[in-house]
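Structure first, commentary second.
This is the structure we're talking about:
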């Protein structure tokens, strides 16, 4: 397969992607204020053709003024696919396939680069050894508790550090390639 | 008080400082093989006068061929101070003081820079707003579970990013200063 699965996410210094209730109030820029710096997100987003997200991430995206995944194929991993507004139906699908089955199907249908997003979804893809690259931006704050980026694994996953970029805001963005999974 | 408390520690990419049983086998160099790169530890260690550690860290240090904290004042936070070999008695003391009480006492006795080490100890000092600087070196591996560097907090702790250095090994070392604790 020539398909690649990537993670591109921000976490608190203590490894949380959101507070327990999903709040991102601790993440500068999450209030929708003018973003001077996008931390490379646009470039990354242009490189992917498909998003695989969980139901929570999907429902969060539905609350945005504009559909944030316009032009991309979106797959929502959920045994219970939520009601989809008519104007989004095109390009959005639900599935109860396993991560491995889904990636096999996406590869067969020509997908080259998949953006895997959302805590549970990322964890299930890591657990299934399906993530190839991870870009993690560390926000200089400790929030103490919340939704973890990482979770239990079947075995250690080794990565190779590719690049780290620091920003005036104090954000530190590191890109890693998964090298071994044994 | 002019006393400063610092953390200098390595964690897996998923935030663990050791496996659940304390193992560091995932941390390159922990096997005692010749270290070409010390990641700035020696320089940091020379800058501190006192270590505050927990009983687990103390008992681990006792297993080393050489006492790793030679020349430093060592305080072991423990309600039940372990038996101390005679040849280490000098410079090592146990205490059941709270972190705040201990730091007040150390400051009064002239300590200027304290190295706070060990998972529980770091967490209790962060919880008590007593950490001034943190140097965290991220090892490019996910281990899935283990002893966490961070734990619950009374409130968010904001930090300012000072420097990040990357190493050929893939280690990424970031230094932060605690700026606000409310």
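Residue numbers (my numbering), protein chains in the order written: chain A, 1 to 182; chain B, 183 to 364. Ideal Cβ placement from N, Cα and C applies to all residues, glycine included.
Nonlocal neighbours in the same chain, by C-beta distance under 8 angstroms from residue i, ignoring five residues either side
| i | result |
| --- | --- |
| residue 111 of chain A | 3, 49, 50 and 73 |
| residue 310 of chain B | 280, 281 and 282 |
| residue 221 of chain B | 192, 319, 349, 353 and 355 |
| residue 226 of chain B | 188, 190, 297 and 317 |
| residue 132 of chain A | 4, 5, 6, 177 and 178 |
| residue 287 of chain B | 279 |
| residue 223 of chain B | 190 |
Residue i, DSSP secondary structure in three states
| i | result |
| --- | --- |
| residue 276 of chain B | strand |
| residue 351 of chain B | coil |
| residue 364 of chain B | At residue 364 of chain B, the pLDDT of 45 sits below 50, so the modelled position is not reliable; the number obtained from the coordinates is stated separately. Reduced to three states, the DSSP call for residue 364 of chain B is coil. |
| residue 239 of chain B | helix |
| residue 287 of chain B | helix |
| residue 13 of chain A | coil |
| residue 345 of chain B | strand |
| residue 66 of chain A | coil |
| residue 327 of chain B | coil |
| residue 42 of chain A | helix |
| residue 183 of chain A | Because chain A here runs from 1 to 182, residue 183 of chain A falls outside it and cannot be looked at. |
| residue 336 of chain B | coil |
| residue 306 of chain B | helix |
| residue 229 of chain B | helix |
Residue burial classification, residue i (beta-carbon count within 10 angstroms, cutoff 16)
| i | result |
| --- | --- |
| residue 65 of chain A | exposed |
| residue 117 of chain A | buried |
| residue 352 of chain B | buried |
| residue 190 of chain B | buried |
| residue 137 of chain A | buried |
| residue 198 of chain B | buried |
| residue 307 of chain B | buried |
| residue 228 of chain B | exposed |
| residue 119 of chain A | buried |
| residue 63 of chain A | exposed |
| residue 92 of chain A | buried |
| residue 303 of chain B | buried |
Cβ shell of residue i (< 6 angstroms), same chain only, five flanking positions each side left out
| i | result |
| --- | --- |
| residue 196 of chain B | 324 |
| residue 123 of chain A | 151 |
| residue 130 of chain A | 5, 99 and 103 |
| residue 175 of chain A | 135, 162 and 163 |
| residue 149 of chain A | 11, 15 and 17 |
| residue 239 of chain B | 299 and 300 |
| residue 165 of chain A | 173 |
| residue 291 of chain B | none |
Cβ-based neighbour list, residue i, same chain, cut-off 7 angstroms, excluding 5 preceding and 5 following
| i | result |
| --- | --- |
| residue 361 of chain B | 340, 341 and 342 |
| residue 27 of chain A | 10 and 139 |
| residue 69 of chain A | 51 and 61 |
Residue i: CB within 8 angstroms of a non-hydrogen atom of the ligand MN
| i | result |
| --- | --- |
| residue 225 of chain B | Absence of the ligand MN is noted for the structure shown, with no ligands found whatsoever. |
Chain-ordered neighbours of residue i on chain C, where CB pairs are closer than 9 angstroms
| i | result |
| --- | --- |
| residue 338 of chain B | Of the chains in the structure shown, none is chain C; the protein chains are A and B. |
Requested in this report: Assess, as a yes-or-no matter, whether the segment 157 to 172 of chain A is touched by the segment 319 to 332 of chain B under the definition of 3 or more beta carbon pairs within less than 8 angstroms.
Outcome: yes
Report task. Compile a chain-ordered list of the residues in the segment 130 to 154 of chain A whose CB is closer than 9 angstroms to at least one CB of chain B. Result -> 134, 136, 138, 140, 141, 142, 143, 144, 145, 148, 149, 150, 151, 152, 153 and 154
Requested in this report: Please determine if the segment 197 to 209 of chain B and the segment 327 to 336 of chain B are in contact, where contact requires at least 3 C-beta pairs separated by less than 8 angstroms.
Outcome: yes
Query - Residues, ordered as in the chain, of the segment 342 to 357 of chain B that lie near chain A by beta-carbon distance below 7 angstroms - result: 342, 343, 346, 348, 352, 354 and 356
Requested in this report: Could you name the residues of the segment 41 to 69 of chain A whose beta carbon sits closer than 8 angstroms to any beta carbon of chain B, in the order they occur along the chain?
Outcome: none
Report task. For the segment 10 to 23 of chain A, enumerate the residues whose C-beta is nearer than 7 angstroms to any C-beta of chain B, in chain order. Result -> 13, 14 and 15
Query raised in the report: Quick one, which residues of the segment 92 to 120 of chain A are near chain B if we go by CB-CB under 8 angstroms, in chain order?
Result: none
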